[in-house]
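Enquirer: In the working numbering, the protein residues as written are 444 to 681.
Every residue gets a Cβ at the ideal spot worked out from N, C-alpha and C, and that includes glycine.
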Amino acid sequence: MPRWSRVLLKVSGEAFAGSAGYGIDAETANTIAAEIASVRDRTAVEMAVVVGGGNIWRGQQHAGAGMDRAQADYMGMLATLINALALQDALERLDQPTRVQTAIHMAQIAEPYIRRRAIRHLEKGRVVIFGAGTGNPFFTTDTAAALRAVEVEAEALLKGTHSGTDGIYTADPRTDPDAVKLDRISYIDLVSGGIRAMDATAATLCMENNLPIVMFDLMQAGNVLSIIEGRPIGTIVA
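1) Could you tell me whether the Cβ atoms of residue 494 and residue 454 are closer together than 8 Å?
2) Beta-carbon separation of residue 659 and residue 607 under 8 Å?
3) Look at the Cβ atom of residue 661, then the Cβ atom of residue 535, and state whether they are nearer than 8 Å.
4) Alpha carbon to alpha carbon, what distance is there between residue 585 and residue 645?
5) So residue 530 packs on residue 472, CB below 8 Å; how close in whole Å?
6) Identify every residue that forms a DSSP beta bridge with residue 627.
7) In three-state terms, what does DSSP make of residue 520?
8) Scan the region 526–575 and note each continuous beta strand (DSSP E) run of 3 residues or more that stays entirely inside, going in chain order.
9) Does the region 615–628 come into contact with the region 542–562, if we say contact requires no fewer than three beta-carbon pairs (one atom in each stretch) closer than 8 Å?
10) Anyone know if the C-beta pair for residue 591 and residue 491 falls short of 8 Å?
11) Closest to residue 602 by C-alpha separation, out of 587, 595, 594, would be which residue?
12) My assumption, with CB atoms under 8 Å, is that residue 630 sits in contact with residue 680. Please give the rounded CB distance.
13) Look up residue 459 in the DSSP assignment and say whether it is helix, strand or coil.
14) Considering Cα atoms alone, identify which of 457, 484, 581 is closest to residue 499.
15) What span of residues does the alpha helix (DSSP H) with residue 474 cover, start to end?
16) In terms of residue numbering, what span does the beta strand (DSSP E) encompassing residue 497 cover?
17) What does DSSP give as the partner residues of residue 604 in its beta bridges?
18) Ignore the nearest five residues each way along the sequence and tell me which others in residue 649's own chain have a CB closer than 7 Å to its CB.
19) Can you list, in chain order, the residues of its chain with a C-beta nearer than 8 Å to that of residue 554? Leave out the 5 residues immediately preceding and following it.
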């Protein structure tokens with residue numbers, strides 16, 4: 444039996460870029476969609492998704508180069524909608540019913556974010572993809588993922604990585620051979636332990652609402668389904 448009945452998956456924008464490092468790689472988008480579809484095909488678990496936009500635009504980076512931070516962040520929100528639509532297309536080609544909801548109104552391409560409507564879509568078996576972050580500048584898509592997860596009463600937040608790192612380590616395993624993987628850590632350790640695996644605002648929101656976080660390698664085939672089935676994949680923050 445699945446350990447949760449409703450989850451939210453956070454997919455970073457950079458994951459969509461694949462090896463190119465920029466833009467949307469069609470094969471990678473299809474891989475992400477297949478991970479979601481495998482859960483929907485084999486279980487009754489309801490799935491929501493929050494996507495980032497870093498493969499197209501990183502607001503904080505451009506703000507550091509002199510652009511107005513709010514303006515840069517709004518541009519980043521638009522980038523997340525491009526990824527959301529790409530993921531929707533990939534899912535629907537796998538016969539998965541989806542809805543894209545956006546925190547910035549774009550009536551021609553997506554529904555406005557309405558909490559009760561999102562929950563109803565989930566109850567009907569649709570994958571709901573949330574775009575445009577929280578709709579506010581100065582907040583990361585990690586925070587948007589935590590917020591939406593709490594709002595739609597998800598039972599876990601699955602934060603997928605894309606760089607080959609399969610969880611949280613004591614140091615960056617790509618540069619430090621002595622780094623040790625942590626199977627489980629507390630919210631406090633994540634927030635105050637100097638571990639830069641998630642935005643502190645997002646982690647605090649999860650802590651305040653007792654929402655477990657699982658950090659794992661999204662690009663490893665079968666990982667999403669394995670986590671939902673209760674196998675020890677990644678790092679659990681609780």
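Expert: Judging by the given coordinates:
1) Numbered from its first residue, the sequence shown carries residue 494 at position 51. Numbered from its first residue, the sequence shown carries residue 454 at position 11. A contact, by the Cβ cut-off of 8 Å.
2) Here the question's residue 659 lines up with position 216 in the sequence shown. Here the question's residue 607 lines up with position 164 in the sequence shown. Against a cut-off of 8 Å, the Cβ pair of residue 607 and residue 659 comes out as no contact.
3) In the sequence shown, the residue the question calls residue 661 occupies position 218. In the sequence shown, the residue the question calls residue 535 occupies position 92. Going by C-beta atoms, residue 661 is not nearer than 8 Å to residue 535.
4) Here residue 645 refers to the residue found at position 202 when the sequence shown is read from its first residue. Here residue 585 refers to the residue found at position 142 when the sequence shown is read from its first residue. Roughly 6 Å separates the two Cα atoms.
5) Counting from one through the sequence shown, the residue named residue 530 turns up at place 87. Counting from one through the sequence shown, the residue named residue 472 turns up at place 29. The pair is a contact, with the Cβ atoms about 6 Å apart (cut-off 8 Å).
6) The residue labelled residue 627 in the question sits at position 184 within the sequence shown. Answer is 679, bridged to residue 627.
7) Position 77 of the sequence shown holds residue 520. Note: residue 520 maps to helix in three-state DSSP.
8) 541–545, 570–574
9) no
10) As a first step, residue 591 must be located in the sequence shown, where it is residue number 148. As a first step, residue 491 must be located in the sequence shown, where it is residue number 48. In this structure, residue 491 lies closer than 8 Å to residue 591 by Cβ.
11) Here residue 602 refers to the residue found at position 159 when the sequence shown is read from its first residue. When each option's Cα is compared against that of residue 602, the closest is 587.
12) One-based indexing of the sequence shown puts residue 630 at position 187. One-based indexing of the sequence shown puts residue 680 at position 237. The pair is a contact, with the Cβ atoms about 6 Å apart (cut-off 8 Å).
13) As a first step, residue 459 is located in the sequence shown; it is residue number 16 there, counting from the start. Residue 459 falls in the helix class under three-state DSSP.
14) By one-based count along the sequence shown, residue 499 stands at place 56. Per the Cα distances, 457.
15) As a position in the sequence shown, residue 474 is number 31, starting the count at 1. 469–485 is the extent of the alpha helix (DSSP H) around residue 474.
16) Locating residue 497 in the sequence shown gives position 54, counting from the first residue. Unbroken run through residue 497: none, as it is neither H nor E.
17) Numbered from its first residue, the sequence shown carries residue 604 at position 161. Looking at the DSSP assignment, residue 604 forms a beta bridge with 660.
18) In the sequence shown, the residue the question calls residue 649 occupies position 206. So the qualifying residues of the chain are 589, 600, 630, 656.
19) On the sequence shown, position 111 is the one that residue 554 refers to. Within the same chain, residue 554 has close Cβ partners 542, 543, 544, 545, 560.
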